[in-house]
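So the protein lines, in turn, are chains A and B.
Start counting the first sequence at 3; every next residue gets the next number (our numbering).
Start counting the second sequence at 26; every next residue gets the next number (our numbering).
Glycine residues also receive a C-beta, built at the ideal position from the N, C-alpha and C atoms.
Remarks on the structure that follows.
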Amino acid sequence: MLNTRVIESVTIPLAALLVSGLVFSVFLLILGKSPATFASLVWTGGFSSWFSIQNALQRAAPLILTGLAFAIPARIGLTLLGAEGAVVIGGFSAAVVAIPLVTAGMPAAFVWLVMASAAMVVGAVWVGLAGWLKHHRGVNETISSLLLTYIAIAIVSFLIEGPFRDPGSANKPSTMPLGTDYRIGGMFDSSVHWGLAAGLVLAVALWVLMARTPFGFAARMTGGNLRAAQGQGLPVGRLLVACCAIAGACAGIVGFFEIAAIHGQANASLAAGYGFTGILVAFLARHNPLAVVPVAILFGALDAAGGLIQRRMEMPDATMLVLQGIIFVVLLISDTFHGRLPFGTSQRTGART
Amino acid sequence: MTQAEPLASMMIVFYAMIGGAIRVSTPFLFVALGECLTEKSGRINLGLEGNLILGAMTGYAVSYNTGSAWMGVLAAGGVGVVLGVAHGWICKLPKVNDIAVGLAFMGLGTGLAFFFGKPYIQPSAPRLGSVPLGGWSNNPQVQQALQINPLFFIGIMLAVFLWWMLRNTRWGLVIRVTGDSAASARAMGVNVDMVRLLATAAGGCLAGIGGAFLSLSYPGSWNEGLSSGQGLMAVALVIFARWNPLRCVLAALLFGAAGALGPSLQSIGVSFGYHFFNAAPYILTLVIMIASARSRSAAIEAPRELSIIK
């Protein structure tokens, strides 16, 4: 028989999604729009054809990774908002290290390897800094990681408009374009880039790490009770920094794929808000790395349908932000029902203090 | 840069920074005072960024439609109250994390503001007037720097009032006890959830007014990039000001000066590194947080119930 907690952590978020859908329908009705049209457009734009499924998966790839970037530190008790900054600064680093290699005509696979490593390392250091400050200086990680995000965006805009600006980019300052030979194409004849594969592999790997290894056990124990973990002699500081660094590396890979597969050069489009949507993805998945995947695909599909909804229903692009905000608020309200559902409560045993 | 007179251009930067500090600090001041009040009651509202943006949009829209900027300020405060009450109500439910709820409201407030704000990006609404205080000087830079918005003075008066209220009144005592020990407050017969709900609502109102300043005075128009984290930086600012409304004023001025650095340098033609100087307030915030996080006196003055301190 399934554990009560597993049942709860599936049914409660699903119920929250349903209620959010109802609340959003009321919002649409007040505006004089049809919720039925909205739902059918989400279906058309996100799931109905191979084209829309590819579109949804394409947009889900970065959300899987940024979802993981929030979920892993959350398991050790940190609320990190640094993913957006790590995407930007990781992507920028990837674009910059590629410039001399591309100019020297190195093989593409080698260039990608260097680019991805640079993005991961820079992202890991950037977000790891928030973890280090938390442990060694007692700086609240939520605020410091958000500040680091703003600092990253400002520094990267400065560098893109200054020293690393490609003279050819007149309207939108950008770094030097990679060129078609160095662009990552779609997987197996589809338009979905390899970021999806990276996301899936990392989701499984991080689930194994968090659920099946001593590292994951120590991290979850630290998240559950910091004092107890310290009392047991766990290296709490190193665990905190490691979880933040993993998060930063995940977000850095998003930046790498944005450069190598989507934009081909670093510019302001890097700050696309994946880091912030990833927070909601992680909360809906209850910080479980495997559950992040289906939730990210759902939001990828919503995102894919966004353009269609904008055109057909004449609604602004912020419609999806409103829907996401409603889902987030309802989901957090639903947290209060954990452990209080009518079924299976008798199974909850164990010392409370 | 004018090569001939480095001193003159330094003075221009200096005046521009003073004027800029006063202008840029006003929204910081309102959000910080609101957050200070909320945190004094033992709860943290990270969602004030959402209040700020929604307040900016509402203020601009109402000012455009009614023709009165002050109606806009009032409406922005009203929207802030609604968000604050919602935040306060959700946080009183068991097992709900107030930091996460703040994140959610940041997203919801931003989403609603962008959704309803689309039609107001182009049209021009009546702004709040300024009080010219630079009449004593013949220097046009001084006169320009001392064009001060009445909301700044209201903010200063509010800070003094909050400081006095928290220290000397029954309500102030109730808020402080609730923030320091919910158990003691309950023993005194205080309804802890109600006090926190009211404090969050009042804090939300102030943040909404701060947003109205952004769209109706400086920079003085509504667009989607209007606020870039001021609401969150104010949270750090309150920690730096150690939950004292008077110190919030000084901290807000300091942050305002850091924020005015980039535009001031641009006013004498230094455009190099504009984005880099834009990072100055964030870097300053981070440095201040690193310097003050482990300080013992800050630990003493912190409300004990705050989840961010624990």
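Here's the rule: buried if 16 or more other CB atoms are within 10 angstroms of the residue's CB, otherwise exposed. What is MET131(B)? buried
Tell me, please, whether the CB atom of LYS65(B) is closer than 8 Å to any CB atom in chain A? no
Check distances from the C-beta atoms of the region 132 to 161 of chain A to those of chain B and list, in chain order, the residues that come in under 7 Å. LEU135, ARG139, GLY140, VAL141, ASN142, THR144, ILE145, SER146, LEU148, LEU149, TYR152, ILE153, ALA156, ILE157, SER159, PHE160
Under 8 Å between beta-carbons, which chain A residues line up against GLN163(B)? List them in chain order, please. A small fix is needed here, since residue 163(B) is Asn in this sequence, not Gln. Here the premise fails: no neighbours, minimum Cβ distance about 38 Å.
Whole-angstrom Cβ separation of LEU148(A) and LEU83(A), contact assumed at under 8 Å? 4 Å
State the DSSP-derived secondary structure class of ILE293(B), mapped to helix, strand or coil. Looking at ILE293(B) - three-state DSSP - the assignment turns out to be coil, as it is neither helix nor strand.
Taking a contact to mean a Cβ-Cβ separation below 8 Å, would you say LEU153(B) touches LEU241(B) in this structure? Their beta carbons are under 8 Å apart, which means LEU153(B) touches LEU241(B) by this criterion.
Who does HIS137(A) pair with in a DSSP beta bridge? Per DSSP, none; premise fails for HIS137(A).
Is it buried or exposed, TRP188(B), if we count other Cβ atoms within 10 angstroms and call 16 or more buried? buried
Looking at GLY48(A): is its Cβ nearer than 8 Å to the Cβ of ALA306(A)? yes
Using CA coordinates, which residue listed in ALA58(A), VAL21(A), PHE53(A) is at the minimum distance from LEU304(A)? ALA58(A)
Inter-residue spacing [alpha-carbon to alpha-carbon] between GLU86(A) and PHE258(A): 13 Å
Close-in-space but distant-in-sequence residues of the same chain around ILE281(A) (CB under 6 Å, 5 per side omitted): PHE72
Reducing DSSP to helix, strand and coil, say where GLY352(A) ends up. Note on GLY352(A): pLDDT 48, under 50, position unreliable in the model; the coordinate value appears next. Of the three classes helix, strand and coil, the one that applies to GLY352(A) here is coil, per DSSP.
With DSSP collapsed to three states, give me the class of ILE14(A). helix
Give a yes or no on whether the minimum CB-CB distance between THR83(B) and chain A is below 8 Å. no
For the region 273 to 281 of chain B against the region 116 to 124 of chain B, are there 3 or more C-beta pairs whose distance is under 8 Å? Short answer: they don't touch.
Using three-state DSSP, classify GLY188(A) as helix, strand or coil. Three-state result, GLY188(A): strand.
Identify the contact partners of THR338(A) in chain B, using a Cβ-Cβ distance below 9 Å as the criterion. ILE115, LEU118, PRO119, LYS120, VAL121
THR83(B) to PHE141(B) span [Cα, whole Å]: 9 Å
Please list, in chain order, the chain B residues whose beta carbon lies closer than 9 Å to that of THR105(A). Ordered by position in chain B, no residue passes the 9 Å Cβ test against THR105(A), which lies about 26 Å from the chain.
8 Å Cβ cutoff met for LEU286(B) and PHE265(B): No, the pair does not count as a contact, with Cβ atoms beyond the cut-off.
Cβ atoms of ASP183(A) and ALA110(A): under 8 Å apart, would you say? yes
Classify HIS195(A) as helix, strand or coil using the three-state DSSP reduction. strand
Just verifying my parser: in three-state terms, what is the DSSP assignment at PRO31(B)? Helix at PRO31(B).
Please name the residue, chosen from GLN291(B), ARG48(B), MET36(B), ALA208(B), that lies closest to GLY235(B) on a Cα-to-Cα basis. ARG48(B)
Measuring straight from C-alpha to C-alpha, what distance separates ALA138(B) and LEU325(A)? The C-alpha of ALA138(B) lies about 13 Å from the C-alpha of LEU325(A).
Taking 6 Å as the limit between beta carbons, can you name the residues of its chain near ILE329(A), skipping five residues before and five after? Spatial neighbours of ILE329(A) in its own chain (CB-CB distance under 6 Å, excluding positions within 5 residues in sequence) are listed in chain order as SER22.
What's the gap between the Cα of GLY44(B) and the Cα of PHE94(A)? 35 Å
Please classify ILE32(A) as buried or exposed, where buried requires at least 16 neighbouring CB atoms within 10 angstroms. exposed
For GLY97(B), tell me which candidate among VAL104(B), VAL87(B), GLY103(B) has the shortest Cα-Cα distance. VAL87(B)
Proximity winner among PRO175(B), ARG267(B), TYR307(B), relative to ALA94(B) (alpha-carbon distances): PRO175(B)
Spatially closest choice to VAL90(A) from PHE301(A), LEU204(A), ALA251(A), LEU202(A), by CA coordinates: ALA251(A)
Taking only runs of the alpha helix (DSSP H) that begin and end inside the region 112 to 169 of chain A, which ones reach a length of at least 4 residues, in chain order? 143 to 163
In three-state terms, what does DSSP make of GLN172(B)? strand
Note the first and the last residue of the continuous alpha helix (DSSP H) segment covering HIS289(A). Counting along the chain, HIS289(A) falls outside any alpha helix (DSSP H), and DSSP gives it neither H nor E.
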